[in-house]
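*Asks:* In the order they appear, the protein sequences are chains F and Z.
FYI, the numbering for the first sequence is 1 to 126, going by the working numbering.
FYI, the numbering for the second sequence is 1 to 126, going by the working numbering.
All C-beta atoms in this analysis are idealised placements derived from N, C-alpha and C, irrespective of residue type, glycine included.
This is the structure I have questions about; it appears just below.
2 protein chains.
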Amino acid sequence: MKSEEVDFYKMGGLVPVIAQDSETNEILMVAYADKEALELTISSGYAHYYSRSRKNIWKKGGSSGHLQKIVEIRVDCDQDSIIYKVIQTGGACHTGYYSCFYRILDNNGFHLSGKKVFNPQKVYKS
Amino acid sequence: MKSEEVDFYKMGGLVPVIAQDSETNEILMVAYADKEALELTISSGYAHYYSRSRKNIWKKGGSSGHLQKIVEIRVDCDQDSIIYKVIQTGGACHTGYYSCFYRILDNNGFHLSGKKVFNPQKVYKS
């Protein structure tokens, strides 16, 4: 396990992580990982991230059940960005969409592209 | 044009941008954009980024010719990450690989996956 070869320095201990559907290559979400989150991801086989707002590590799907099973982890040329290629249970986005990138930007602003795959009010019970 | 709907605040004026091959959905690179770089991208139809190290805007392919023609721009649910779906000329990575994510991380460290599509010594003449 070689998380020490990842450059966490440039972003104050974090790297951006792209979660990508391993079957379709659809981009599901972007989040961040610190060294511990990356190591937990590698050791557990499920995606973990670091929340910049809550300042803690979270396991994707921990409350929703929408886990991301790791198929492959990739690192870029300067070792400061990571891809988790995953099998996504349910949907990646807390809004109910399969991908967080459900909006396209054009000259008229944003418009929706994609459909909801779950009801967030049922999945995220308060 | 609605770049003002993108949240540049969280990262001090920047958002991470994922360049993605519009045909295969392969992730090509991760870089950053400020508001001006995003607006230049939208108005020109070619990917522009903001360099954190050089502290300026750059057009991808400006020196190499390896332009990224914009097919679609997507934004995520909390509007702090962007996807440029592009047609990539040549290769995206300065090392000669088509994608910057040419290495897979496993228990033995990183190993290469992918092949070089150009010779960087010929493309990036000093």
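Between which residues of its own chain and residue 59 of chain Z is the CB-CB distance below 7 Å, once the five residues before and five after are set aside?
*Replies:* Once the five neighbours on either side are set aside, the close Cβ partners of residue 59 of chain Z are 46, 48.
*Asks:* Just mark residue 204 of chain Z as buried or exposed, buried being the case when its beta carbon has 16 or more other beta carbons within 10 Å.
*Replies:* With chain Z running from 1 to 126 in the structure shown, residue 204 of chain Z is simply not present.
*Asks:* Note down, in chain order, each residue of its chain lying with its Cβ closer than 6 Å to the Cβ of residue 34 of chain F, except the 5 sequence neighbours on either side.
*Replies:* Only 13, 14, 50 meet the Cβ criterion.
*Asks:* Just verifying my parser: in three-state terms, what is the DSSP assignment at residue 121 of chain F?
*Replies:* In the structure shown, residue 121 of chain F sits in a helix (DSSP, three-state: H, G or I).
*Asks:* Please list, in chain order, the chain F residues whose beta carbon lies closer than 7 Å to that of residue 8 of chain Z.
*Replies:* Going along chain F, no residue has its Cβ under 7 Å from residue 8 of chain Z, so there is no contact; the nearest lies around 14 Å.
*Asks:* Is residue 105 of chain F near residue 27 of chain Z, with beta carbons less than 9 Å apart?
*Replies:* Not in contact: residue 105 of chain F and residue 27 of chain Z (Cβ atoms no closer than 9 Å).
*Asks:* Hey, how far is the Cα of residue 95 of chain Z from the Cα of residue 118 of chain Z?
*Replies:* Cα to Cα, residue 95 of chain Z sits roughly 8 Å from residue 118 of chain Z.
*Asks:* Return the Cβ separation of residue 22 of chain F and residue 71 of chain F in integer angstroms, given the expectation that the two are a contact with Cβ distance under 8 Å.
*Replies:* Yes, they are in contact, since the Cβ atoms of residue 22 of chain F and residue 71 of chain F sit about 4 Å apart, within 8 Å.
*Asks:* Have a look at the DSSP bridge pairing and note the partners of residue 36 of chain Z.
*Replies:* None, per the DSSP bridge assignment.
*Asks:* Using the C-alpha atoms, what's the distance from residue 19 of chain Z back to residue 129 of chain Z?
*Replies:* The question about residue 129 of chain Z has no answer here: the residues shown for chain Z are numbered 1 through 126.
*Asks:* Give a yes or no on whether 9 Å exceeds the smallest Cβ distance from residue 97 of chain Z to chain F.
*Replies:* So yes, residue 97 of chain Z belongs to the interface.
*Asks:* Residue 21 of chain Z lies in the beta strand (DSSP E); which residues open and close that run?
*Replies:* Note, residue 21 of chain Z: beta strand (DSSP E), 15 to 21.
*Asks:* Quick one, which of Z:32, Z:108, Z:16 has its alpha-carbon nearest residue 54 of chain Z's?
*Replies:* Checking every option, the nearest Cα to that of residue 54 of chain Z belongs to Z:32.
*Asks:* Assuming residue 91 of chain F and residue 5 of chain Z are in contact, meaning their beta carbons sit under 8 Å apart, how far apart are those beta carbons, in whole angstroms?
*Replies:* The Cβ separation is near 23 Å, so there is no contact.
*Asks:* Quick check: what's the CA-CA separation for residue 39 of chain Z versus residue 80 of chain F?
*Replies:* Rounded to the nearest angstrom, the two C-alpha atoms are 25 Å apart.
*Asks:* For the candidate residues Z:107, Z:123, Z:89, Z:114, whose alpha-carbon lies nearest to that of residue 100 of chain Z?
*Replies:* Taking only the C-alpha atoms, the option nearest residue 100 of chain Z is Z:114.
*Asks:* Can you tell me which of the three DSSP states residue 72 of chain F falls into?
*Replies:* In the structure shown, residue 72 of chain F sits in a strand (DSSP, three-state: E or B).
*Asks:* Have a look at residue 98 of chain F and residue 63 of chain Z and give me their C-alpha separation to the nearest angstrom.
*Replies:* Residue 98 of chain F and residue 63 of chain Z: Cα-Cα distance of roughly 38 Å.
*Asks:* Rounded to the nearest angstrom, how far is the Cβ of residue 25 of chain F from that of residue 56 of chain Z, given a contact under 8 Å?
*Replies:* In fact, because the Cβ distance is near 31 Å, the residues do not count as touching under 8 Å.
*Asks:* At a Cβ threshold of 9 Å, is residue 57 of chain Z touching chain F?
*Replies:* Taking Cβ atoms only, chain F never reaches closer than 9 Å to residue 57 of chain Z, which makes this a no.
*Asks:* Please state the DSSP three-state secondary structure of residue 43 of chain F.
*Replies:* It is helical.
*Asks:* Output, in sequence order along the chain, the residues in the region 61 to 79 of chain F whose CB is closer than 9 Å to any CB in chain Z.
*Replies:* Listed by position along the chain: 72, 73, 74, 75, 76, 77, 78, 79.
*Asks:* Tell me, please, whether the CB atom of residue 42 of chain Z is closer than 9 Å to any CB atom in chain F?
*Replies:* Yes, residue 42 of chain Z counts as interfacial toward chain F.
*Asks:* Mind checking who residue 97 of chain F pairs with in its DSSP beta bridge?
*Replies:* Bridge partners of residue 97 of chain F: F:116.
*Asks:* Between residue 1 of chain Z and chain F, is any beta-carbon pair separated by less than 9 Å?
*Replies:* The pLDDT assigned to residue 1 of chain Z is 43, lower than 50, so where the model puts this residue is not dependable; a value taken from the coordinates is nonetheless given after this. So, interface residue.
*Asks:* Please name the residue, chosen from Z:73, Z:67, Z:103, Z:7, that lies closest to residue 88 of chain Z on a Cα-to-Cα basis.
*Replies:* Nearest option by C-alpha distance: Z:67.
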